[in-house]
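Note that numbering that gives the first Met the number 0 has the sequence shown beginning at 0, numbered continuously upward. We put the beta carbon where it would ideally sit given N, CA and C, even for glycine. Since we're looking at a predicted model, the values are computed, not measured. Beneath this line is the structure, given in structure tokens, with notes to follow.
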Amino acid sequence: MSERRPKIYLNLSFPQLAARYAHLPADGVGLLRAEFLALSLGVHPKQLLAEGGAETFVRTFAEGLIEVARQFWPRPVTYRALDLKSNEYRGLRGGQQLEELEENPALGLRGCRRYMDDPELLRLQACAVRRVHEAGWTNVRLMLPFVRTVSEVLACREIVQEEGLFERGIPLWIMVEVPSVVFLIERFLPLVDGVSIGTNDLTQLVLGVDRDNPRLIPLWDEGDDAVMRAIGWVARACRERALECCVCGDAPSRRPELIPLLLQLGLTALSVSPEAFERTLRIVRESEPGSG
Ligand code: PEP
Ligand code: MG
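Written as structure tokens, this is what we have:
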């Protein structure tokens, strides 16, 4: 493993927040959640497309991304493609007609699987990322959410390829949030430029605990040995391939006492909420060899 200080990125949900936090000495944005951009449109993407709104969609996403890429330039900005669930899409105009009612949206048509069902949705986002890159903001990366299988990544890569992102050298990352990806991580790594571990969904799925059920709070533990072992397994596989391995879930933001352990597991980066940045930087510095 390289002995360089682990990178510390920021998690952002709204592009408008970039101006407020770009002054922090962070290494970039490790997770730009796209969901709020989609929600701000107020309409289901399929409905928008049916109304001839493809350009509105691409422009909205490209403008949001440019705002962040510009503020953080030349530091990398990781755009995480949409991971809305069917219940969230149903709240948008047209959503009631376009989304089937799912019993269990957290395990439903979300993440990469949605792009198998609706490739256009990824194509438009890839187009937005390319547009940002064409405009000179070459610090963007694309990250695929809630991956379950290698075949999903292969199918998404095809779309990304067709949209010209690889030609331009735009890195492709995946999120590791599902245990199947942890177990088979070595099959995924040749297909990507980096991974980011989503401890919110990973904890939910490793421990079998609904992340949104307040009655299960006593069972919720991102620091559980099983979760840590999963993270360590992924970090080791990445290290063997000299790939960046980040955690962008809330674990290091919410549970700072876990940071030294996460670093020992060999993560090369942490991505934290802006409020947690200063504290994370301090803990990372204190954890450096020879720091005292
Ligand atoms: C995660 O699951 O840890 C994550 C970062 O994604 P989200 O919280 O948006 O599901
Ligand atoms: Mg997630």
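From residue i to residue j, what does the alpha carbon distance come to, in whole angstroms?
i      : j      : result
GLU87  : ALA33  : 13 Å
VAL226 : THR198 : 8 Å
LEU91  : PRO104 : 15 Å
GLU133 : VAL57  : 14 Å
LYS6   : PRO213 : 33 Å
VAL128 : GLU66  : 12 Å
TRP229 : ILE196 : The sequence shown places Ala at residue 229, not Trp. Each residue's Cα considered, the two are about 10 Å apart.
ALA18  : GLY63  : 12 Å
PHE60  : GLU256 : 36 Å
MET0   : ALA49  : With a pLDDT of only 41 at MET0, under 50, the local geometry of the prediction cannot be trusted, and the value read off the model is given with reservation. Computed Cα separation, rounded: 50 Å.
GLU221 : PRO73  : 32 Å
ASP26  : ARG278 : 15 Å
PHE13  : LEU264 : 31 Å
GLY231 : VAL271 : 19 Å
Enumerate in chain order the residues of its own chain whose CB-to-CB distance from residue i is below 7 Å, with the five nearest sequence positions on each side excluded.
i      : result
ALA125 : LEU141, ILE158, VAL159, GLU162 and LEU164
LEU47  : LEU40, THR55 and PHE56
GLU151 : CYS111, ARG112 and MET115
ARG284 : SER290
Taking 8 Å as the threshold (C-beta atoms), are residue j and residue i in contact?
i      : j      : result
PHE145 : MET115 : no
THR77  : GLY135 : no
PRO259 : SER290 : no
LEU188 : ALA234 : no
ASN138 : PHE71  : yes
LEU16  : PHE276 : no
VAL131 : ALA37  : no
VAL149 : ARG186 : yes
LYS84  : GLY52  : no
CYS244 : VAL194 : yes
LEU123 : LYS45  : no
Can you find the residues in the same chain that come closer than 6 Å, C-beta to C-beta, to residue i, ignoring five residues on each side of it along the sequence?
i      : result
PRO170 : ARG140 and ASP192
GLY94  : HIS43 and TYR88
PRO273 : LEU9 and TYR20
GLU176 : PHE145, GLY197, ASP200 and LEU201
ILE184 : VAL233 and ALA236
ALA250 : THR198, GLU221 and LEU257
LEU11  : VAL28 and LEU31
Considering only DSSP beta bridges, list what residue i is partnered with.
i      : result
ARG140 : THR77
GLY193 : TRP172 and GLU243
Residues in its own chain within less than 8 Å of residue i by CB, not counting five upstream and five downstream?
i      : result
LEU121 : ALA80, TYR114, CYS155, ILE158 and VAL159
ARG210 : ALA105, ASN199, ASP200, THR202, GLN203 and TRP219
ASP224 : none
Run through the region 212-256 for me and flag every whole beta strand (DSSP E) of 3 or more residues, listed as ranges in chain order. Listed in chain order, the complete beta strand (DSSP E) runs (minimum 3 residues) inside the region 212-256 are 243-246.
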